Structures are given as C-alpha cells and as structure tokens.
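A.B. asks:
Residue numbers (this note's numbering), protein chains in the order written: chain A, 1 to 272; chain B, 273 to 544; chain C, 545 to 816; chain D, 817 to 1088; chain E, 1089 to 1360; chain F, 1361 to 1632.
#1: Give a yes or no on whether the minimum CB-CB distance between residue 608 (chain C) and chain B is below 7 Å.
#2: Taking only the alpha-carbon atoms, compute the straight-line gap between residue 1084 (chain D) and residue 1021 (chain D) and give it to the nearest angstrom.
#3: Kindly indicate which three-state DSSP category residue 1540 (chain F) falls into: helix, strand or coil?
#4: Consider the Cβ of residue 1040 (chain D): report whether some Cβ of chain E lies at a distance smaller than 7 Å.
#5: State yes or no: is the C-beta of residue 715 (chain C) nearer than 6 Å to some heavy atom of the ligand GDP?
#6: Hey, how far is the Cα of residue 132 (chain A) from the Cα of residue 69 (chain A)?
#7: If we cut at 7 Å on Cβ distances, does residue 1552 (chain F) have a partner in chain D?
#8: Can you tell me which of E:1134, E:1182 and E:1239 puts its alpha carbon nearest to the alpha carbon of residue 1204 (chain E)?
#9: Strictly below 7 Å CB to CB, what residues from chain D border residue 707 (chain C)?
#10: Distance, Cα to Cα, residue 1246 (chain E) vs residue 53 (chain A)?
#11: So what does residue 879 (chain D) bridge to, in DSSP terms?
#12: Starting from the beta carbon of residue 1261 (chain E), find every residue of chain A whose beta carbon is closer than 8 Å, and list them in chain order.
#13: So if I threshold CB-CB distances at 8 Å, which residues from the region 289-308 of chain B count as touching chain E?
#14: Give the DSSP bridge partners of residue 458 (chain B), in chain order.
#15: Is any beta-carbon of chain F found at less than 7 Å from that of residue 959 (chain D)?
#16: Identify, in the order they occur along the chain, each residue of the same chain with its Cβ nearer than 7 Å to the Cβ of residue 1624 (chain F), setting aside the five sequence neighbours on each side.
#17: For my contact list, residue 163 (chain A) and residue 729 (chain C) are in at a C-beta cut-off of 8 Å; report their separation, rounded to the angstrom.
#18: Use the C-beta contact count for residue 1125 (chain E): other C-beta atoms within 10 angstroms, 16 or more gives buried, fewer gives exposed.
#19: Using beta-carbon positions only, say whether residue 741 (chain C) and residue 721 (chain C) come within less than 7 Å of one another.
#20: In three-state DSSP terms, what is residue 811 (chain C)?
#21: Below 8 Å on the Cβ atoms is my guess for residue 736 (chain C) versus residue 95 (chain A); work out the distance and round it to an integer in Å.
#22: Around the Cβ of residue 757 (chain C), are there at least 16 other Cβ atoms within 10 angstroms (buried) or fewer (exposed)?
#23: Could you pull out every residue in the same chain whose Cβ sits closer than 7 Å to the Cβ of residue 926 (chain D), ignoring the five residues on either side in sequence?
#24: Counting contacts by CB-CB distance shorter than 7 Å, is residue 1087 (chain D) in contact with chain B?
#25: Using a cut-off of 7 Å between C-beta atoms, extract the partners of residue 327 (chain B) located in chain D.
#26: To the nearest angstrom, how far is it from the Cα of residue 224 (chain A) to the Cα of residue 1130 (chain E)?
#27: So, helix, strand or coil for residue 1553 (chain F), using DSSP?
#28: Is the distance from the Cβ of residue 306 (chain B) to the Cβ of residue 1152 (chain E) below 7 Å?
#29: Using 10 angstroms around the beta-carbon of residue 299 (chain B), count the other beta-carbons present and answer buried if the total reaches 16, otherwise exposed.
#30: Using a Cβ-Cβ cutoff of 9 Å, what residues of the region 393-407 of chain B are near chain C? List them in chain order.
#31: If contacts are defined as beta-carbon pairs under 8 Å, then residue 689 (chain C) and residue 670 (chain C) qualify, I think. What distance do you get, rounded to the angstrom?
#32: Using a Cβ cut-off of 7 Å (strictly closer), state whether residue 916 (chain D) contacts chain B.
#33: Please work out which residues of its chain come closer than 7 Å, Cβ to Cβ, to residue 1378 (chain F), disregarding the five sequence neighbours upstream and downstream, and give them in chain order.
#34: Between residue 1568 (chain F) and chain D, is the shortest Cβ-Cβ distance under 7 Å, so that the two count as touching?
#35: Give me whichever residues DSSP pairs with residue 1534 (chain F) in a beta bridge.
#36: Identify every residue that forms a DSSP beta bridge with residue 1611 (chain F).
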C-alpha cells in the first residue's frame, strides 16, 4: 500500500492543515504524540488516515484491523468522489460546530463524521457487488459509533452529523448536500414491505435533535425540522416543521438552516 | 463443551438455513470466509453460535471471552425455552425488516437481536440465583449494543427490536410475544421506590421509534404506539396512541401492528 | 503510583462499603472473583478503582490502558473536589434508582456514572491547560458510554444520569448539584456561533427521558422536565414543563424532583 | 462447562494446597489478587485451572482463548490419566527444584510444566484422531514456551523440565516416568526418513542442560547424561555419559539421578 | 491491496497444494475452519498468506498488525526472488522433516520457516534503505520465533531451519542454497570490531543441533557439522566436522548432507 | 506518575542521545513514527521508557500493561542504582556489539538488555519483600525474552547479554560488573538441595555462546569461557577455559575479555 507523502500537499489544504494541527497537538501534549503520529503523522494521505483510523476503531477479535484497513483503503484510495466528500464533511463539521476548533478533531473524534465515512466505504462496496462486507461495516459502525446508516442510502457531501448517538438512516433514504442533523435523528421507513420507503432530504436541510422523519416523504431544500418532531408528511422547501406529529409553522429565517444551526423555532409563526 | 453437528439438522430448519447462508457468504465474499467460519460454520449448533458470538463481542480486558462463552453456553445449551425463543426472534427480525435479507444477518449483526439474547441469558442466570453475573451481562450489553434490558424483565418470544440504540426496558417490565419496537424506545419506571413500576406490553404490540412508555401501565394486545410518543396511561388493545403525552387516536387498521410495521398514524383519527 | 490500603478506611464509609460488597460478590459468584479483585479489591482507594476501571474500559489499540490510567490517576488522586463529588454521585445513583442495590453496581456498571467521572477528569485536565487529552477523553467516553459531555461544561455533585445512552451536555452548559437526568437527555446549544449558548440547570432538577433543553436558558431549582419534552425557554424553579415545545403545566408536588424520580406529569395541571 | 468446587477437595491434596498457596499470595501481594483469582481461585478444579491458563497464554488473534480453552477442557476434564500425571508433574517440579517454593509456582509459571501439559492435551487429541489441532497446540507451545514436543511422543508421569527454553522432543521419542531434563535438551531424530528414529529414555533418568540425545537409541533407567553432551549410542542403566560425543564415564552415585538433580560428573570416573 | 485468486493457480503448484491441504483441514477439524480460512483460504496468493500470518503473529500493542501486514506485503508481493525462495523453503521443510506431512504445516507453524521469511522481508527492506523497520522485524522475530537473523546476512533458497529455538545468524554471515540447520545453531562473529566477521556456509551443508560456527570462516559445500560442535576454523567441502572445538573426522557419506539429515557421525572416521 | 521532561537532560547524555536517535528514526522511517513516539519520545525520562516498554511487551490477558507499568515505575523511578546500571548496560551493549549502531536499538530491541532490566526490577521487588510479583516478572520475562534470570541473583552493572535466547542465571548466582555473555549461556546449580549452589562470575568475564557454568564455582575476573564449554570447576582470573568438561588452556590475551568479545580460543594454548 503506497502511503508516502506526495508533493500535492500544496494543493490539498485540508490535509496540510490536519497535519499542521496534529504536529501542534503532539508538541503541546507530549503524552499524545504516540497517538497523533500513529493515527495521523505517519500516514501519507488523508485517505489512509481515515482508512487506518476506522480500521483500528472498528476491529475486534472476529474481524481484525488488517483486513478492515485493506477494505477501507480499497474504497478510499484513488476514489475522487470520496476525496471530495470527505473534505467537505470535515469542513462542514468544523464550520457548523462552534465546539469544534480543529479539522483534526473532526477526523479523530467525531462519531458522526466517522460513521459517515464508514458509510461511504460501505456504499462504494455495495456498488462493487460486495454486499456482505458492506453490511458488516454498517452494523459494526452501528455498534461502535451508534449511528446506523444503511449502505444503500444515498448521502451527499458536506454533511454534518453532530454527536451522532442513535442516528438511523434507512435503506432507501436520500440526503442532499450540505445537510446537518443531530444525534437521535431517524430517517425511517414504514411497513414491512420493501421498496422505496424512506425519506428524501433536500440540500441545506437542518434536522434537529431527536427528530423522526418517517416514510417516503420529501423534505424540501433548506427546510428546518424542529427537535423531537415526528414528521410523517412532506415539508416544503424553506419552511420549518415542528411537533408530534410535525406541522409547518412558517418560513425559515435564513438561506441555509444547515449552516446556521439555529435550533430555535419561532413560536410566533406557530399556525396552531 | 460438546459442539458437534448433530443429525437433528433436518429438524432444525432455522439452523440449517443459517449454515447455508453462511456458506454462500463465505463463497461470494472470500475476505469474509475466516469471519464466517469462525462465527458460524465451525460451530455445531445455533446455540453455540450465539454463545460464542456474544462472548467475543462482549469480552474485554476485565472479563475475557472464555469466561463469558462458558456462561452463555451454560444458559443456552439444552435450554428448550431458549431454543424456541431464539428461533422465533430470528424469524421475527427477518419477517418484519425488509432490509434484513437473511437469517444470518439477524444473528451476526442486529444489535437488538443480540441484546435480546444477552438478556435471555441474564434472565436465566437470575433465576439460577446468579444475580451478579446477570447484572454484569445486562450492563456490558448496554455498553456494547446500547440496549439496556434488566434481567428481571419478562420478555416473550418472537420479539423484534430494530436498530436498538437507546432502548431501555426496566426491571418490572413485561413484554408479550410477537412485539416489535424500534430504537430509543423506553419501557421505564417512575419514582425512586421499588416494586412493580414498569409497563406491561401485550402481544403483537408495535412501539415506534423513540416512544417512551412510563410507569406500571398496560398496553393492550396489538396496540400501536406512535413514534416519539410519551405514554403515561393505559392503552387499550387494538388502539393507536400518539403524542406527548400520548392520546388514543383510534383503532389500529390491521390485526397485528408488530407484524405490519406500519409506523404511520392516521391523522384523520386524531381526536384532538 | 502508591496504591495501598490506608487506615483511613474507617473514615471513608463509601469505599469501605464498596469493598465489602465486592467481597460478597466474589464469594457468592466464584466465576466473578477474578473480575472483582482486578477491578476493586486489589486497589487501595476508590480513586484508583475509578481510574483503572475507566482506563480498561476506554483503552483501545490507539491509546492504551497504561497511558489512560496514568491520566485518570493524575486527575483523581489527591483531588479533594473529586473525592467529594464521586462519593456523592455514587450515593445519588444508589438512592434514586430502585434497581441499583449496591454502591458497587454504580461504580462498576452504570454508564452514566462512568461517563460522569470521565467528564470530571476531562474537566480537571482542561483547567490544567491539557485541552488535547481532555477532548480525547470526552470523545472516547462518547463512544464507549454513549454520553457526550463536553469537558468545559460545569457539573455539580450528586448527579445521577440513568441509563445514559444518547445523553449530550454541551460546552457552556451548567448543571447544579443533586440533578437527575435520564438517557437521551440533551442540554444543547443553538447556532453556529460560539459563546454562552447552552442551558443552565439549577439544583435538584429532574430531566426525564429524552427531554431536549436547547439554548442559553435557565431551568430553575427543583424544576421538572417531562419525558420527550423540547424546552426552548426558561422554566421557573419548582415548576413542571412538558411538551413539544414544552409549556409550564404547574408546580412540582415535592421538594426535590431529582430525588423523587417521579416522571409522571399531572395532566390536570395542563394549561393547554 | 461445570466448574464448581467439589467436596472432593479433601481427597485432592494437590489442588487443596494450590488453592491455599493462591489465597496466601492474594493476601500478601494485593496487586496480584486479580491475577490469582482469575487464574486459580475462581476455578473449580485443577484441571480447569490448567486448561484456562494454557488457553490464555497460548491464545492469539488467529486462534482465540475460548476455542483453546474448550479444546484443553475436552482433553483434561474427566481424564484420569491426566489427573494423575499433572499432579505427579507438579510434585516433581516442586521436589526437584530448590528454587520452586510452591506448587502454585509450577502451575502458574514454569514453562517446562506448561509445555508438558500442552503436550498431554495434544497427545490425547492425536489419539482422538484430531491431528490438526494437536499440531496446532504443539507449534503454538513451541512459540510461547519454547519447548517443541511432538504430540506423538510418549512421555510418562512425574516429569520435570527445568527452564525449558530450547527443549525438543521428537515424534517417536519415549520418555519414562520420573525423568528430569533441563533447558536446551534435545531428544532428536536422524535422517529424513520416517519411522522409529528418536531416543527411548528410561525411568529416573537425568538429562542435564543442553544435552543432545540423537537417534533411536536407548538411555537405560536411572542413567545420567552430562550437560552439553551429544549422545549417539545407547547408555546403560545407572551409568553416566558425558562429552561430545558422549562416553560412559562410570556408574551413577545415587538411586535416581532425576531426583538428585546432581549435574556434576565425577571426573575421576573419566575413562578418557 | 489486490488479493484476489488469480488464474495462475495452475502454474503455482505449491500454492494450489497448500489451498487443498487447507480445505482438507477445515473439513476434517471443524473447530479449525475459522483459523484455516482466516490464515489461508481467504487470501488470494501465497505471498499474502505469509504477509498476513507473519503480521498477526508479530503484531503487539506497540506495532499493530495493519502496519506490519503492509510492510510484509510491500516486501513480498511482486517480488520474484521471494516467490522462488519461499516455495523452495516450503519444499525443503517438507522434504527433509519426516514429521512434516504437509506444505501447510510448514507455512502455518514452523518457527524456522516463519523466521526465515521475516528475514527475507527485513533483508529486502534493508536494501530499500529502510534499516529502521528491518531491525524492528529482526528483533521482533527473535522474540516471537526465537531465531535471531540479522537482515544484512545473505541467505539462499531452499533453506530449512528445524525447530529454530535459539538460532542466531550474524550480520556478515552467508548461507548458500539448500542448507539445513537445526535449533540452537549459531553462525556467530567474534570481536567487537565491525567488518566481515561471520561464517560463510556453502551449498548443501547440514549444521546439526546446537553447533556454533564462529568467525569469518568458510564451511565448504556439502559439509556436515556435528551436533554441539564449536567450529572455529574452515571446514572443507564434503567433510564432517565434530567436537569442541570441532575437528574434521572424515568425508561425508552422501552427496548433500542437508537433504539426508543424517545427524550421526561415523566414529570410525574419527581422526583423533 | 510524573513523567515530564526535566531540565536535567544536559546532564543525562544517554537519555539525550536516545531521544535524538529516536527523532532521527521517526523522521527517516515515517511508518515508525507512531511507534517511536509511543515508546520513547512521549516519555519524560529513560526510566519511564524502560518501564512502559517492558510493560507493553510483557502484558497479557492475565496481567495487564497498566499494572505492570506501575510495578516497573515503582522499581525504576528515583532509584539511583538503577539509573546508573541501566545506562551502563546500554553503553555496554552498544560498545561491544558491532551490529548495534545506536543506543536506541539496545533499549527498544535487545532481548538480553530487556530481560536484564526486568531482572533489575524483580531483584528490587524481592528486596521489598514482594516475592510474588518478583517471581511473576522473572517467569514472564523468560517466556517473552527467553532469558530466565532468578530475581535473587546478584548482577553488576555494564552487563551485556547478546541474543539472549536460552540464557539461565540461577538463584544464588553472582555476576560482576562489565561481564559479557552470549545466548544459551547457563549459570546453573546442581543438586535438589537449596543453599549457595550457583556460580560466582568475576568482573570483566566473557562467557561465550552456549557455555554452561554449573555449581558453586568461581570464575575469576577477566576470565574467558569458550563457546559450548561445560565448566564444573573454578577458573582462575585472566585464564581461558574451554571444552566439555572445560579445561584451562592458557592466559587471556587482552585486559578484559568482556570488552574485546573475542570468542576465538587460541588452540596453541590447548594443554590437551
């Protein structure tokens, strides 16, 4: 596995920044330098960092790190779509979470980020007709990161999943670009029959903590779903839905709720 | 530990099917053949597969796989009630989740299925006056599968827990046969006093994602609890309850909601 | 690391009781005696028990138990504030959960208790300007215990987090003394800007299962938040709030909801 | 696996003594009490102690402790010949090594003792037509204990292998009862053809450090082989052989060299 | 890492035979099928089998299996010299050890074979100017297989190291093709100065158990060194040397001692 | 455990040099930077490096790295005698082995060096009346490094044990300063009675590969023992002994054989 630093670093600002942050962390917290070198600095590309990090976190006595790392490297190395989406996901995490002060933190720690990259591998493997290993990755990620994302779901780039515990994204769900969601969000199906049964989420949507979006419904671009809501019907673009079951309470105030991360809902807009 | 294939395979269609699915997976995904043989094909019975698989997943540096595997084998081998319920749980998972395409997937991967079998061991151990190890299993399963099921709860057969993250089932809770529930469902108590303080769930009930059923209340057979609901009072058989706090909004449309897995709630029935 | 039993045991009744409970467990469940000795009886203080136990649970191939144990011992040994709060947390867990029959169970098993002690270490480390390792502990605890508590949050003593899966406590959140909360509770922020953006929870508050408290709002002393509620505005002391979004439905019935653990909400008080 | 203490302890003085020594060690060295309970005190019989201890020492990522422990338990539990020989081996180690102050030390630590018990399992498995696993155990023991004993060799009881590093005992070798040998002793074959090609060692023989006994030759009862010797021809009973190649230098001075452990050779007997 | 079975199997009889032997083992010893698939059958080439097997055996908490496996795969995959020598080493082990009944046994178990392949990787890495990792492999192999082979030594193909414990081959040693040696053989240097200071061993030489060949001396083709000998001077081709210090005692009886594995030395040839 | 870099580095040239060598290795072999930081650079003193490195190498499922690291740190930190001897041992290894090109290699890799430091800990623990853990360390080191050194032996400083496999040093053995010995050297006792029964080795002695020194005999200062010799009687200072059994063959040629590492024996001096 060729894993040497390339002279493309000057055109890979995300990777260059992560390396710089890693060096600073190793310098300021000496007890972490072994960890930081092993996870970041001894690798030659961001793709290998993610592959090895996921492998170490997801390995167990039944399926070891070597095998997993090879699978992830297969999926990530030389995959242009992944190269773009992983960088967009890192930036999204950093931009939208004020508690995230470094790209490095997203890469090393954020369960939502890591579960999303595991999904990206599983999705790629599914398209290579390797359903068996794709399902393995899905379910192992669900144990380790507590976010259960089916490999057949379609998820865009620049997606941010904060905290991530309890997130479920079903088999026929679709998620657009630049979407943000919080922990305990469910994009669930309904019924025991197969077929297209999960939600379709537009671009720029914000789905707040614990919201359940159920069934083959459509959430329009830049919509906002309030925390704890249960959404069973379509939500138009640029509107806010809230409640159990959710009702439309008005227009969203800004252009892209997913970037504003404003979880408040304007009660004066309540049409109840 | 006798672990040889018996000539009862022809009368154990569940186990025979799982073996066949495992062989197919090993053949089609060569990189998984070590995993599939180690977890399934080298064992002589479904009971040993579950015992060893739980042990490997739940082992850590404080309590090793050998010890755990012996405990689970004690609980499962030669236990007719377990033999029946584990097969019913597998069938329930397969029948009710359209994303589940194989018995094997339920056995190897589903956190809800695995947490439920760990509970079945813990419950058996509790009845053997081995409370210490029963509590260990409960809490370790809560870490590993994120479903916290008290060993003293009573749970029937043919139970399906989908996704499972965040499920809590309390000490005096009872769950009938053929119940389905989703992730983040709580069957919780109320008050700091002991005694009978958790819900009693009838047969064939469907409890949708994130619903909280709290207190010593009774959910009648074939009732349906809507996603995100907070249920604080009895729900009659064959009715649907929804909301925070939940209200009865009408009759369920089919015979057994747990088998239909229809999470939609008919808004026209809303009595609000 | 000095880890010998001191003759202060007679003035440390919590530690003395835990040792006694551990001896009883080792005696009655012989298969657990190795576990009980390794985790409790071979250590010389409650602080070392917690340090070593957290280290073993949180260690992985990237960051080993030796390093982690040293970090936790640094944070806990000789730290009077920790000595007081960890004992108060143990008592709170035991007093308020009728399913908890021993101090030992809280220490060894309760994810909420363990995540809280990991937070206490991370918070101490942050104040030592060791932000790097503080973030590591936060995020590793989120993987292992599924409770994501930011090290900069301020949390009092005698806090009980039951079941714990899915709990999120944000960077500028404050939690008073003697608070109880259940699994899936979120003390979340709003907006992508930094600054003081998370809730302030008073003393003696009870936050029931799955409640989301969002934004820089104030929950007064001894308030009660109903299960599944989404709280977006201040809640006065000694009142009960419930619903999505939550509304005040009346006064709390007893002095300290966190100690009563009564999750029922009196519907007759509903002002809707 | 039934592993409970039996009331036969009063007729199993070796096991009773080991338990007593283990209790004393746990009491005097508190930091070892977890180890001592996990390896000895939580087991119900000497046989289970040996099975579990070998399994933990010999397990690796390719062949886990659960599987190995089952294999060893199969071989040891209820095997009367093993019950006798393991106790005789313990006594031999204790009686003949003045540095061995406890039966417990032999059981927990001595590489020669442990490699010998692994051989006893492999030999039993070979007779069960389980050649594959027998070879696995032989070779894994050679890695872990550095003593390579072919499962088809025949070895009596009361055998003591001191230090053990580098010991090799070939496929058709035979070793009588009450034999002692030191590290780096080889009972080797000659030639690339199969068949009976290894030494036959009588009862009570002492083979000193680094001696090589090569070919299908016979070492008579109570003979003594000097350190570093290379023995290529028969050695009569009750004689001492020494040198490269070894020559008979006289009679042994006592009844059983293996029990005297006197490695000196009387130069005055040298027939050179 | 491309690891798929190629259609070159028909021209790779060694690999084809190993796969067949592995399938038979998995079939006859069901408890080993997980092991056999994970180590052999799920890999696509003999080279990957060796790389992964060495990695798993040599990994520890400081240097994990993923990293090691990549290093070994770098060294082995597409390396024609290795492809030839590893197959010759397997055949040599099988042909010359009557206790070795399968190619598979050599590959999976023989410490000498595995240490030799680890050396081949280290030697290759040294020539890539990767001295650091070459030394790591040398020393880790010395711990795990107890054979300490310096990466700068030159070793031919078809080499068989039986039992292997205690073997040492120094920095400037050279070993020809088709050499056999046994455990505890040393090809050592002399003096604390660097430079060319180790033995040069010709083709077809047999070095019997525990022989020490010391200094920059030459052992001619097809010579035989008796067990336990200490060789300090040149040994001509086709002669036998024995003793401490070794003396020439005559001609070897057959063409290639390394293939005959006849460790006896004809005393009648003794020129003493 | 305080483990911060001190400003004493300028007076600790050994530690300063090791850090510098480690930095160079991390820079030139990027794939090893995680290893190098975790083992060396993230520690604050040479003593902690040795403690943690031994702990990681010697840990297993029965006795974990945290416990072991604490034990070693207890023995090493603030122990002036250890501080001196460990630095002398490093220098001895580097000075006398031409294949050793860095202090770092001795510290990280040399089995003889590591076994010797483990002995130094065990010896210290024995003097603290912690015989139980001292024996554990002895025997675990014998498994891991294949050098079995009794904790009650007395060993000076500046000792070099090359290759180390098979070394045995008995309970009442004494080894002076600046001694060198090679693999498979035995300083053994004789007889089954206790008491003073092992050799006393003077300063500056060289004991070559595989030599056995047996019984309570005295090897005088600066003596040399030839490879493969079996020494059963006293050897005067500054003389060379060789053979089985060993005879004095003359004076040593230089001042300190242990520093010359000249394993040749001048045959012209042979008195035979």
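By construction, the Cβ of each residue, glycine as well, lies at the ideal position given by its N, Cα and C atoms. In this text the structure is predicted, and so the values were computed from the model without any measurement.
C.D. replies: Judging by the given coordinates:
#1: No Cβ of chain B is located within less than 7 Å of the beta carbon of residue 608 (chain C).
#2: Low confidence applies to residue 1084 (chain D): its pLDDT is 39, below 50, so where it sits in the model is not reliable, and the reading given next is rough at best. Linking residue 1084 (chain D) to residue 1021 (chain D) through their CA atoms gives a straight-line distance of about 21 Å.
#3: In the structure shown, residue 1540 (chain F) adopts extended strand secondary structure according to DSSP, grouped into three states.
#4: At a cut-off of 7 Å between C-beta atoms, residue 1040 (chain D) does not count as an interface residue with respect to chain E.
#5: Absence of the ligand GDP is noted for the structure shown, with no ligands found whatsoever.
#6: If I take the Cα positions, the gap works out to 16 Å.
#7: Closer than 7 Å to some Cβ of chain D, the Cβ of residue 1552 (chain F) qualifies, so yes.
#8: Proximity to residue 1204 (chain E) across E:1134, E:1182 and E:1239 peaks at E:1239, based on C-alpha coordinates.
#9: Contacts between residue 707 (chain C) and chain D, judged by CB atoms closer than 7 Å, are missing: the closest CB pair is about 28 Å apart.
#10: The straight-line gap separating the alpha-carbon atoms of residue 1246 (chain E) and residue 53 (chain A) is approximately 40 Å.
#11: In the DSSP output, where bridge partners are listed per residue, residue 879 (chain D) has none listed.
#12: Under the 8 Å cutoff, chain A gives no residues; its nearest Cβ is about 32 Å from residue 1261 (chain E).
#13: Going along the region 289-308 of chain B in chain order, one finds 298, 302, 303, 304, 305, 306, 307 and 308 with a Cβ nearer than 8 Å to chain E.
#14: Residue 458 (chain B) is bridged to B:440 and B:484.
#15: With 7 Å as the cut-off, residue 959 (chain D) does not count as an interface residue toward chain F.
#16: Nothing listed; no residue qualifies.
#17: A Cβ-Cβ distance of about 12 Å is found for the pair residue 163 (chain A) and residue 729 (chain C), leaving them out of contact under the 8 Å criterion.
#18: It is buried - the Cβ of residue 1125 (chain E) has at least 16 other Cβ atoms within 10 Å.
#19: No, the pair does not count as a contact, with Cβ atoms beyond the cut-off.
#20: Confidence is the limiting factor: at residue 811 (chain C) the pLDDT is only 47, short of 50, which leaves the residue's position unreliable, though a coordinate-based value still follows. Assignment of residue 811 (chain C) by DSSP, reduced to helix, strand and coil, places it in the helix class.
#21: 7 Å between Cβ atoms; contact.
#22: By the 10 Å Cβ count, residue 757 (chain C) comes out buried.
#23: Taking residue 926 (chain D) as the centre and dropping the five residues before and after it, the same chain places the C-beta of 909 closer than 7 Å to its C-beta, in chain order.
#24: Here the model assigns residue 1087 (chain D) a pLDDT of 37, short of 50, so the residue's position is not dependable, and the following value carries that caveat. Interface criterion not met: the Cβ of residue 1087 (chain D) is under 7 Å from no Cβ in chain B.
#25: Per Cβ cutoff of 7 Å: 882.
#26: Distance from the CA of residue 224 (chain A) to the CA of residue 1130 (chain E), rounded to the nearest whole angstrom, comes to 48 Å.
#27: Residue state, collapsed to three classes: coil.
#28: Not in contact: residue 306 (chain B) and residue 1152 (chain E) (Cβ atoms no closer than 7 Å).
#29: Residue 299 (chain B) is classed as exposed because its beta carbon has fewer than 16 other beta carbons within 10 Å across all chains shown.
#30: Answer in chain order: 401, 402, 403, 404, 405 and 407.
#31: About 19 Å; that fails the 8 Å criterion.
#32: No, residue 916 (chain D) does not count as interfacial toward chain B.
#33: Around residue 1378 (chain F): 1400, 1406, 1463, 1464 and 1467.
#34: So no, residue 1568 (chain F) is outside the interface.
#35: Answer is F:1514 and F:1560, bridged to residue 1534 (chain F).
#36: Beta bridge pairing from DSSP links residue 1611 (chain F) with F:1599.
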